[in-house]
Amino acid sequence: MSEELHDVRLTVNGATHEIRVPARRLLSDALRHDLRLTGTHVGCEHGVCGACTILVDGEPMRSCLMFAVSAVDHEITTVEGLTNPDGSLGPVQQAFAECHGLQCGFCTPGFLTTITAGLRENPAPTHEEARDMISGNLCRCTGYQNIVKAVERAAELSS
Amino acid sequence: MKPAPFAYRRPGTLAEAVSVLAGEPDAKVLAGGQSLVPLLSMRLASPATLVDINAITGLDVIETIDANDAVDGQYGEHGGVRVGALARHAAVLASPDVRRVQPLVSMALQHVAHATIRNRGTTVGSIVHADAAAEMPVVLRLLGGSVEVEGPAGRRTIPASELFLGPLQSSLAHDEIAVSAYFPALAPGAGVAFDEIARRHGDYALVGAAAHVDGESVRVGYLSVGDVPTVVDLSGVADDDLGEAALAHLDPPDDIHATADYRAQLVRVLTTRVVRSARDMAEDA
């Protein structure tokens, strides 16, 4: 049996893409495989680890818990969309580099998107709020201390 | 970790969605998908069709209902809040009206997964998913709320006491869609509280408890201690006996996350804690 395909128009980082995918194509897979935007990483694939977090209309969401077919009508931002217009690192990315907020880097795209949205909502987080902001993302390398520092540094850079 | 194939429908109206469901017994409704998509990915569920209701307008309402608007007292003495099927947890949690009218909803929502999941997941979806380890079903049950559903024969209201049949099993028919959930308001002078113990913040709770205190009435709802959200009436029980009195009605399970003994201990601790906290709120009011 051949699987039904759907024409899906996705708006990602300001660009419009037309893809033809089965309904079961996870948004994370559509981004990585169909659009070749491999910055979004796939960890647990059931919403626990946070590596695949993207911004949907500016709000962080798990791309592994959405289907590409349901992502029409939304503005999607991936880690590739977090750089400044001139291609230099955005403030959260810059802060991660400065504070050694990553080691292997696998979880990093999910942190960057989550923190970008978090700082938009709360531009000057306390230490506790910075920890809370990243509580839905797992990192197995850093021990989180430098990621918390990066949140605080990113807030400084953005102010 | 990829879902099995399914047919996908994205109806623009509720009537259309109901008719798709009526024609396909093995269909599931997709709202936020934060519980459903993992089940599909792990192939614990493989429905033939998914009916995505996200394109239906008007389902994301969050509204307070005045007692005076009630017909035949259908909304209780004090009114309440109604939350539509597409209202995301995050929007419900952010609503000052919800917090004012029924603070228990906001208290419990803070414990629902992480902010990122709450941005997509819906409160009504979480309720009709009927997971006994979830927060919002027990809140609805404790407050005596209800769910409004639409099916081929029109709308009906299912009281929370008749909604939860078993693990992940609600009394909705296969061709019915939950349109909204109704949480009765906190009565003047009453108090509520919520607390849970989880391994990590945002995980499913090993045990959770919600208390409702109104005058002499003391009731506590529990999550993760049985197959369905369970409410125990503890009115008239002395403070020191609350935990044991609750355990007389509960049979906490043993599983890989916690032993039955440990869960029983959590029931004792949480029961005392939430009843005390709800009482403090009632006294401060």
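Residue numbers (the numbering used here), protein chains in the order written: chain A, 3 to 161; chain B, 7 to 291. Where is the CB? At the ideal position from N, CA and C, for every residue including glycine.
Between which residues of its own chain and residue i is the CB-CB distance below 8 angstroms, once the five residues before and five after are set aside?
{"i": "residue 59 of chain A", "result": "76 and 77"}
{"i": "residue 278 of chain B", "result": "245, 248 and 249"}
{"i": "residue 85 of chain A", "result": "91, 92 and 95"}
{"i": "residue 115 of chain B", "result": "95, 98, 99, 124, 129, 141 and 142"}
{"i": "residue 137 of chain B", "result": "41, 143, 173 and 174"}
How many angstroms separate the CA atom of residue i from the CA atom of residue j?
{"i": "residue 358 of chain B", "j": "residue 43 of chain B", "result": "Nothing in the structure corresponds to residue 358 of chain B, since chain B is present only between 7 and 291."}
{"i": "residue 91 of chain B", "j": "residue 155 of chain B", "result": "10 angstroms"}
{"i": "residue 291 of chain B", "j": "residue 192 of chain B", "result": "11 angstroms"}
{"i": "residue 283 of chain B", "j": "residue 140 of chain A", "result": "32 angstroms"}
{"i": "residue 42 of chain A", "j": "residue 51 of chain A", "result": "13 angstroms"}
{"i": "residue 230 of chain B", "j": "residue 162 of chain B", "result": "29 angstroms"}
{"i": "residue 106 of chain A", "j": "residue 40 of chain A", "result": "16 angstroms"}
{"i": "residue 29 of chain B", "j": "residue 273 of chain B", "result": "44 angstroms"}
{"i": "residue 214 of chain B", "j": "residue 13 of chain A", "result": "40 angstroms"}
According to the neighbour-count rule (16 or more other Cβ atoms, all chains shown, within 10 Å of its Cβ), is residue i buried or exposed?
{"i": "residue 260 of chain B", "result": "exposed"}
{"i": "residue 125 of chain B", "result": "buried"}
{"i": "residue 262 of chain B", "result": "exposed"}
{"i": "residue 4 of chain A", "result": "exposed"}
{"i": "residue 9 of chain B", "result": "buried"}
{"i": "residue 7 of chain A", "result": "exposed"}
{"i": "residue 168 of chain B", "result": "exposed"}
{"i": "residue 242 of chain B", "result": "exposed"}
{"i": "residue 58 of chain B", "result": "buried"}
{"i": "residue 122 of chain B", "result": "buried"}
{"i": "residue 128 of chain A", "result": "exposed"}
{"i": "residue 83 of chain B", "result": "exposed"}
Given residue i, which residues of its chain have a CB within under 6 angstroms of its CB, disregarding the five upstream and five downstream residues?
{"i": "residue 104 of chain A", "result": "98 and 110"}
{"i": "residue 138 of chain A", "result": "52"}
{"i": "residue 117 of chain B", "result": "141 and 202"}
Return the chain-ordered list of same chain residues with a C-beta closer than 7 angstroms to the C-beta of residue i, the five sequence neighbours on each side being excluded.
{"i": "residue 270 of chain B", "result": "253 and 258"}
{"i": "residue 146 of chain B", "result": "133, 166, 187 and 189"}
{"i": "residue 72 of chain B", "result": "85"}
Within 8 angstroms of chain B by C-beta, residues of the stretch 5-30 of chain A in sequence order: 5, 6, 8, 24, 25, 26 and 28
Residues of the stretch 104-127 of chain B with a CB closer than 7 angstroms to any CB of chain A: list them in chain order, please. 120, 121, 122, 123, 125 and 126
Any contact between the stretch 118-135 of chain B and the stretch 191-206 of chain B? By contact I mean 3 or more CB pairs, one from each, below 8 angstroms. no
Are the stretch 211-228 of chain B and the stretch 44-64 of chain B touching by the rule of at least three beta carbon pairs closer than 8 angstroms? no
Check each residue of the stretch 42-65 of chain B: if its Cβ is closer than 8 angstroms to any Cβ of chain A, include it; give the result in chain order. 43, 44, 46, 47, 48, 56, 58, 60 and 61
Compile a chain-ordered list of the residues in the stretch 57-82 of chain A whose CB is closer than 7 angstroms to at least one CB of chain B. 61, 62, 63, 64, 67, 68, 71 and 72
Examine the Cβ distances between the stretch 121-132 of chain A and the stretch 28-37 of chain A and report whether three or more of them are shorter than 8 angstroms. no
Residues of the stretch 9-23 of chain B with Cβ closer than 8 angstroms to any Cβ of chain A, in chain order: 9, 10, 11, 12, 13, 14 and 16
Cβ contact check for the stretch 22-41 of chain B and the stretch 150-159 of chain A: 3 or more pairs under 8 angstroms: no
So if I threshold CB-CB distances at 8 angstroms, which residues from the stretch 181-210 of chain B count as touching chain A? 207 and 208
Could you please tell me which residues of the stretch 121-135 of chain A, in chain order, have their CB closer than 9 angstroms to any CB of chain B? 134 and 135
With 8 angstroms as the C-beta to C-beta threshold (strictly closer), list the residues of the stretch 259-286 of chain B near chain A in chain order. none
Name the residues in the stretch 40-56 of chain A whose C-beta lies less than 8 angstroms from a C-beta of chain B; which are they? 47, 48, 49, 52 and 55
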